[in-house]
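Everything below concerns the one structure shown next.
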Amino acid sequence: MTDVHPAWLPPEAFRAIGSRRVLVHGDGPLAGTVRDEVARACARFGGSLCDGGEADLVLATSDHLPAHARAVLYGEEAGETGAAPGGDEAFPTGRRDRMTGTPDGDENFLVGRRGGVTVVAGEGAGLLYGLFHVVRLGERAFGADFPAERHRPAMRRRMLDHWDNVDVHPVMGQVERGYAGGSIFWADGGPRGDLDRVRAYGRLLAAAGVNAVAVNNVNVHATEARLLTDRLGDVAALAGALRPYGIRVHLSVTFAAPVVLGGLSTADPLDEDVRAWWAGATARVYEAIPDFGGYLVKADSEGQPGPFAYGRSHADGANLLAGALAPYGGVVHWRAFVYDHRQDWRDRSTDRARAAYDHFAPLDGEFAGNAILQVKHGPIDFQVREPVSPVIAAMPRTRLAVELQVTQEYTGQQRHVCYLAPMWREVLGFEPWGPGGRTVAGVAGELVAVSNAGDDPYWTGHPLAQANLYAFGRLAWDPGLGPAEILDEWIGLTFPDTADRLREPLHAIMNGSWETYERYTAPLGVGFMVRPGHHYGPDVDGYEYTPWGTYHFADRDGVGVDRTRATGTGCTGQYPEPWSEVYESAERCPDELLLFFHHVPYGHVLHSGKTVIQHIYDTHFAGAEEVAELRPVWDGLVGLVDPALHARVRELLDEQLRSAREWRDQINTYFFRKSGVPDAHGRRIH
Ligand code: GCV
Numbered sequence: 001m002t003d004v005h006p007a008w009l010p011p012e013a014f015r016a017i018g019s020r021r022v023l024v025h026g027d028g029p030l031a032g033t034v035r036d037e038v039a040r041a042c043a044r045f046g047g048s049l050c051d052g053g054e055a056d057l058v059l060a061t062s063d064h065l066p067a068h069a070r071a072v073l074y075g076e077e078a079g080e081t082g083a084a085p086g087g088d089e090a091f092p093t094g095r096r097d098r099m100t101g102t103p104d105g106d107e108n109f110l111v112g113r114r115g116g117v118t119v120v121a122g123e124g125a126g127l128l129y130g131l132f133h134v135v136r137l138g139e140r141a142f143g144a145d146f147p148a149e150r151h152r153p154a155m156r157r158r159m160l161d162h163w164d165n166v167d168v169h170p171v172m173g174q175v176e177r178g179y180a181g182g183s184i185f186w187a188d189g190g191p192r193g194d195l196d197r198v199r200a201y202g203r204l205l206a207a208a209g210v211n212a213v214a215v216n217n218v219n220v221h222a223t224e225a226r227l228l229t230d231r232l233g234d235v236a237a238l239a240g241a242l243r244p245y246g247i248r249v250h251l252s253v254t255f256a257a258p259v260v261l262g263g264l265s266t267a268d269p270l271d272e273d274v275r276a277w278w279a280g281a282t283a284r285v286y287e288a289i290p291d292f293g294g295y296l297v298k299a300d301s302e303g304q305p306g307p308f309a310y311g312r313s314h315a316d317g318a319n320l321l322a323g324a325l326a327p328y329g330g331v332v333h334w335r336a337f338v339y340d341h342r343q344d345w346r347d348r349s350t351d352r353a354r355a356a357y358d359h360f361a362p363l364d365g366e367f368a369g370n371a372i373l374q375v376k377h378g379p380i381d382f383q384v385r386e387p388v389s390p391v392i393a394a395m396p397r398t399r400l401a402v403e404l405q406v407t408q409e410y411t412g413q414q415r416h417v418c419y420l421a422p423m424w425r426e427v428l429g430f431e432p433w434g435p436g437g438r439t440v441a442g443v444a445g446e447l448v449a450v451s452n453a454g455d456d457p458y459w460t461g462h463p464l465a466q467a468n469l470y471a472f473g474r475l476a477w478d479p480g481l482g483p484a485e486i487l488d489e490w491i492g493l494t495f496p497d498t499a500d501r502l503r504e505p506l507h508a509i510m511n512g513s514w515e516t517y518e519r520y521t522a523p524l525g526v527g528f529m530v531r532p533g534h535h536y537g538p539d540v541d542g543y544e545y546t547p548w549g550t551y552h553f554a555d556r557d558g559v560g561v562d563r564t565r566a567t568g569t570g571c572t573g574q575y576p577e578p579w580s581e582v583y584e585s586a587e588r589c590p591d592e593l594l595l596f597f598h599h600v601p602y603g604h605v606l607h608s609g610k611t612v613i614q615h616i617y618d619t620h621f622a623g624a625e626e627v628a629e630l631r632p633v634w635d636g637l638v639g640l641v642d643p644a645l646h647a648r649v650r651e652l653l654d655e656q657l658r659s660a661r662e663w664r665d666q667i668n669t670y671f672f673r674k675s676g677v678p679d680a681h682g683r684r685i686h
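Take 1 as the starting number for the sequence shown in UniProt numbering and just add one per residue.
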């Protein structure tokens, strides 16, 4: 591993810890990781690992807390008696593992400071998360006293899916929708062989709060299928590198495995031989990887095999794998991304946005306890603006994971600055049953995202895209965090020496970058309008007459998709009140989603008071202008960031500006030619 950028864990981020006397006390591999981290930091910054009462920082598992440290967290009395108030309830979450029934508290930690001593207590990965919490606090962890606080993750599983191929795919390459070089895990048909890099990745992820990684693409091709069987050793090696950071490995498997790997004549989920095959294969997986997380499956979707071939339901399919995993406490993530990708564009009744709900909502209650339905956050496919998927409110008796896309397939492909935390925060805070009701974050037990990391020296291609990876982990841990607050953390950690001078300009560049991206690309929730295949850059009609179900229906009179119950596909009816009514009405529908739910004339007046056509012109001029303003701000940062990083971002900003202008001109020209309506301000449209 040479010349890899340290991202949000540069050595300097450990100065506050590394210059102090630190006691690390606890058994188990993760306590060992914490000890190693602290030892490295102390060696660099002059502190010491100590073993007595003189420590400035104590990091310990609860059964190893010295009395004086216990007193810091639980009060004098507890320190004297050695008993924590609450006893076994010191780390309660109220949640229990559905499979094993055991309390699910080993990611929690307590942190407090009194009398010159900072104390962190946690079990298992909790201690590690506590360490990284102190890293984030920096000197603040050693300033004024603060009472003991309990931290625990909101989402039980915080998982990154890698769409990494083992073989280089002829069209999709080493990483499908990867914009950061090759894969960290695989290269040219085999393991990449750089386990130090894998370990470093695990360390970064743990510091952001991630605890699970699926190591191969959900589109499982021939070689990748064999990771489940004769190539299992390669997966075990990855698990070994990620384990010290509390990260479990998951594997994408093909539903057809019993046929393509096992030589059976069927993969029918109700067939006894098929069940036995999965049971045997899974037993071998757990022999090799005792803490294996489970399977991830894309079935009956975009050409992947699935239970439909046997006349079975997706619950039958998911439960087959859930059954094989259950004895070991594993889970199956079953994706809800199922739709007809061979649609006739002339047929306006088939609506891709309806598909996941139509397939899965009727199956609510039929999934096994260790089957998790993984639902893309919007009904279509990670567009810059979509409503929240109606599936999320429709399956109260099913475990749900919400899937986000950190890799920027539709948001600038890591050539454009597009800080996505504001979008994710909106999704997670959305209240499907209306104001005051539960939020998406409250409904979903897990957050999953497609990773944006690769073997690029900056991990993410665009160095500023590191912030998206970081923000995903932090929001999965605490969906209540504000996007600007997370960005601030990221800036402080990533650029510790110059953060004070970088904060303002970086916030200026990044805070609003998602909305800027939205302004110069597809308007008002209509989606797509990207070049088919690679999905970069504008092509308004690129998908309009294809089988993919992603249409905008622009004509001379208007634009948008009628998804109303009254006259359209009825998609609005998949939402509970009040949204079903709000979305149904062109008057009440939020502007930013208008064209997702309605086909309207160009003269339709938005809540903003502008017509749709004028909104299109104005936002596209404004968006490209906003991008033009980024470069001077970035140029002002010469000397405040590493020169190579500065140069990389500068080049990318130039490309972003070129691309934003191309979007502006193509979209404005297209709609001017369709509508014949001139721009009210007489700006140049081609
Ligand atoms: C992995 C989109 C992407 C595909 C991806 C698919 C999915 O359609 O373009 O590359 O396939 O989503 O989420 O399965």
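Note that beta-carbon positions come from the ideal geometry of N, C-alpha and C, so glycine has one too. This one's a predicted model, so the numbers in the text were calculated from it and none came from an experiment.
The ligand GCV heavy atom lying under 8 angstroms from the CB of residue i
| i | result |
| --- | --- |
| Arg335 | yes |
| Asp381 | yes |
| Glu386 | no |
| His221 | no |
| residue 697 | No information on residue 697 is available, as it lies outside the stretch 1 to 686 that the chain covers here. |
| Asn217 | yes |
| Glu409 | yes |
| Glu176 | yes |
| Ser62 | no |
| Trp163 | yes |
| Glu485 | no |
| Ser301 | yes |
| Met423 | no |
| Val450 | yes |
| Met172 | yes |
| His552 | no |
| Lys298 | yes |
| His535 | yes |
| Lys674 | no |
| Lys376 | yes |
Per DSSP, the bridge partner or partners of residue i
| i | result |
| --- | --- |
| His151 | Phe109 |
| Arg158 | Leu447 |
| Ser48 | Arg21 |
| Ser252 | Leu296 |
| Ala60 | His25, Ala121 |
| Thr611 | Val605 |
| Pro538 | Val530 |
| Phe146 | Arg113 |
| Ala187 | Gly190 |
| Gly558 | Pro601 |
| Val638 | Val641 |
Proximity test, Cβ basis, 9 angstroms: residue i and chain D
| i | result |
| --- | --- |
| Thr118 | Absence of chain D from the displayed structure is noted, only one protein chain being present. |
Member of the options whose CA lies at the smallest distance from the CA of residue i
| i | options | result |
| --- | --- | --- |
| Gly280 | Phe671, Leu321, Val111, Ala315 | Leu321 |
| Asp5 | Asp196, Gly442, Val134, Trp459 | The sequence shown places His at residue 5, rather than the Asp named in the question. Closest option to His5, Cα to Cα, is Trp459. |
| Gln614 | Pro29, Gln408, Pro678, Arg20 | Pro678 |
| Val332 | Gly303, Lys610, Glu386, Thr398 | Thr398 |
| Ala336 | Leu296, Thr546, Asp347 | Leu296 |
| Val213 | Gly293, Arg136, His64 | Gly293 |
| Thr550 | Arg44, Val58, Phe382, Val259 | Phe382 |
| Ile247 | Gly193, Gly473, Glu626, Cys50 | Gly473 |
Boundaries (first-last residue) of the beta strand (DSSP E) holding residue i
| i | result |
| --- | --- |
| Ile372 | 371-376 |
| Ser659 | Not the beta strand (DSSP E): Ser659 falls in the alpha helix (DSSP H), residues 643-675. |
| Asn468 | Not the beta strand (DSSP E): Asn468 falls in the alpha helix (DSSP H), residues 466-477. |
| Arg399 | 399-405 |
| Asp164 | 164-169 |
| Gly173 | 173-175 |
Residue i: first and last residue of the uninterrupted alpha helix (DSSP H) it sits in
| i | result |
| --- | --- |
| Gly240 | 232-242 |
| Ala212 | Ala212 -> not in any alpha helix (DSSP H); beta strand (DSSP E) instead, spanning 212-214. |
| Gly512 | Taken as a continuous stretch (DSSP letters only), Gly512 belongs to no alpha helix (DSSP H), as it is neither H nor E. |
| Val72 | 67-74 |
| Gly429 | 421-429 |
| Gly280 | 272-288 |
| Val391 | 391-394 |
**Study point:** Completely contained alpha helix (DSSP H) runs for the stretch 303-368, where each covers 4 or more residues
**Key:** 314-325, 352-360
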